[in-house]
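K.L.:
Residue numbering for the sequence shown is 1 to 370, as defined by the UniProt record's numbering. Note that beta-carbon positions come from the ideal geometry of N, C-alpha and C, so glycine has one too. Structure below; questions to follow.
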Amino acid sequence: MKEQTIIINDTNIARCENNPLLTPDMVKPSCEGFIVKGVFNCGVAKYKEEYILLCRVAEAVKSDSEDVVKFPVIVNEDGKSCFKTITLIKSENSELCFDDSRTITRGKDGNSNVVYLTTLSHLRIARSKDGVHFTIDEHPTIMPNAENECWGMEDPRITRIDDTYYINYTAVSPYGAETALITTKDFGNFTREGCIFLPENKDVTIFPEKINGKYYAFNRPVPKAIGTPDIWLSESNDLIHWGKHQHFYGVSDTGWENGRIGGGAPPIKTEKGWIKIYHAADRNSRYCLGVFLLDLENPDKILAKSEKPLLEPEEYYEKNGFFGEVVFTCGCLYEDNKVIIYYGAADDTICRADISLEELYSHLGIGEQS
């Protein structure tokens, strides 16, 4: 793999020279008349010597006029989930705001209600033998249902526990953004386990093993009246029912973490502790990646943390796109003494960046002997 080493805040992190690895023009639309707006924010796994990316694919409906917005939703017809196209004429809907490429809202302030999303997302697998050159399936792997996913399935994260892969994702509907769970053993047969975190709660990342007899997961509720979008930690006996919720880490008053903060990728176990790649956005919605090092026996205990971003939008494909100034990860792998970060760039492509464990420790201010 060719790499381009970028030094960010004295940290050597190598972006793959093949970036972006997956782009919208590489993805076949799921329906005639649809257009793929983005392939991004993928869950990651290794299965039978293959690299598996479970990608979020966002689609809209083609429109010949800038004044006309078309997008699909899922509806129930005769007991089956089907596509329905919604058409809105901007000039005839002055009460609606179309400024954000991702959402249509009633009003322009931060507390405005989202009345529609501009795209519908499903999940689709891409496969690779080398982790760089991927072939994405021609058809959706998992389509949203007409109930709690009628506005889409977003941002899947994969955690392997024993021989089962647990896929949590954001299920979006007019009821809100909840976190749901799907399990698989072979990435061919999938079982829906239902909702595990109520709206609005997303960015869930599950630890890959029990700690002191309990499963743990980070999650990010979004309070509307009091509080900020912070990371919380929850525990479970069965990966379905979660409780004993505790606040873990919050947004800062200034800097790159002062807007919102969220789970990122599932934790990776190392000798020094759990490596936890997370995302943070400032109040201008510029998304960066950081890292926590957590105690192996006490996942709520932070041993070290990024003071500056581990990865931030710098390349053209990270600064420009469907929603620019974004790097956002849902999955990492640890192999050959390095962490491989697959990340969504500008909400429309998938990229890769590698960093050695030694460099990651250095970024955290930890020496090899500590």
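The ligand FMN and ALA265: does the residue's C-beta get closer than 8 Å to at least one heavy atom of that ligand?
P.N.:
This structure simply doesn't include the ligand FMN, nor any ligand for that matter.
K.L.:
Could you tell me the distance, in whole angstroms, from the CA atom of residue 435 to the CA atom of THR183?
P.N.:
Nothing can be reported for residue 435, as the shown portion of the chain is limited to 1 through 370.
K.L.:
What does DSSP give as the partner residues of PHE322 in its beta bridges?
P.N.:
Beta-bridge pairing links PHE322 to no other residue.
K.L.:
ILE277 and VAL339: beta carbons closer than 9 Å?
P.N.:
yes
K.L.:
Since HIS363 is in the alpha helix (DSSP H), which residue starts that stretch and which ends it?
P.N.:
357 to 363
K.L.:
Report the option in ASP25, TYR249, ALA280 whose CA atom is closest to the CA atom of PRO299.
P.N.:
TYR249
K.L.:
Are there 16 or more other CB atoms within 10 angstroms of the CB of THR5, so buried, or fewer, so exposed?
P.N.:
In this prediction, THR5 has a pLDDT of 47, which is less than 50 and means its spatial position is unreliable; nothing more can be read from the coordinates.
K.L.:
Since ALA45 contacts ARG160 with CB under 8 Å, what's their CB separation in whole angstroms?
P.N.:
The Cβ separation is near 6 Å, so the contact holds.
K.L.:
Can you list, in chain order, the residues of its chain with a C-beta nearer than 6 Å to that of LEU364? Leave out the 5 residues immediately preceding and following it.
P.N.:
LEU293, ALA304
K.L.:
Which whole-angstrom value is the C-beta distance of ARG283 and ASN258, which I expect to be below 8 Å?
P.N.:
6 Å
K.L.:
Spatial neighbours of TYR334 within its chain, please: C-beta separation below 7 Å, excluding the five flanking residues on both sides.
P.N.:
Excluding residues within five positions, the ones whose Cβ falls inside 7 Å are ILE268.
K.L.:
Among the residues of its own chain, which have a CB less than 7 Å from the CB of SER101, if the five just before and after it don't count?
P.N.:
THR118, PHE322, PHE323
K.L.:
Taking SER252 as the reference, give the member of CYS195, LYS224, TRP242, SER306 with the closest Cα.
P.N.:
SER306
K.L.:
Which of the three DSSP states, helix, strand or coil, is assigned to TYR317?
P.N.:
helix
K.L.:
Extract the residue ranges of the beta strand (DSSP E) inside the segment 330 to 357, only unbroken runs of 3 or more that lie entirely within it.
P.N.:
With a minimum length of 3 residues, the continuous beta strand (DSSP E) runs that stay inside the segment 330 to 357 are 338 to 345, 349 to 356.
K.L.:
Would you say LEU22 and ILE350 are within 9 Å of each other, going by their C-beta atoms?
P.N.:
yes
K.L.:
Is it buried or exposed, HIS139, if we count other Cβ atoms within 10 angstroms and call 16 or more buried?
P.N.:
The residue is exposed, with fewer than 16 neighbouring Cβ atoms inside 10 Å.
K.L.:
Spatial neighbours of SER81 within its chain, please: C-beta separation below 6 Å, excluding the five flanking residues on both sides.
P.N.:
ILE74, ASN145, ALA146
K.L.:
For ASP137, which residues in the same chain have their Cβ closer than 6 Å to its Cβ, ignoring the five residues on either side in sequence?
P.N.:
ARG124, ILE125
K.L.:
Assign ASN41 to buried or exposed, taking buried as 16 or more other Cβ atoms, counted over all protein chains shown, within 10 Å of its Cβ.
P.N.:
buried
K.L.:
Does the beta-carbon distance from TYR47 to TYR175 come in below 9 Å?
P.N.:
no
K.L.:
Comparing alpha-carbon positions, which option in ALA345, ILE355, LEU360 lies nearest GLY38?
P.N.:
ALA345
K.L.:
Express the C-alpha separation of GLU235 and GLU325 in angstroms, rounding to a whole number.
P.N.:
33 Å
K.L.:
Among ARG260, THR179, THR270, LYS272, whose alpha-carbon lies nearest the alpha-carbon of ARG286?
P.N.:
ARG260
K.L.:
Indicate the three-state DSSP secondary structure (helix, strand or coil) for GLY188 in the structure shown.
P.N.:
coil
K.L.:
Compare the Cα-Cα distances from GLY290 to each of TYR361, VAL68, THR191 and report the closest residue.
P.N.:
TYR361
K.L.:
For a test of the three-state rule: what should DSSP assign to GLU297, helix, strand or coil?
P.N.:
coil
K.L.:
I'd like to know whether the C-beta atoms of ILE167 and PHE190 end up nearer to each other than 9 Å.
P.N.:
Yes, the pair counts as a contact, with Cβ atoms nearer than the cut-off.
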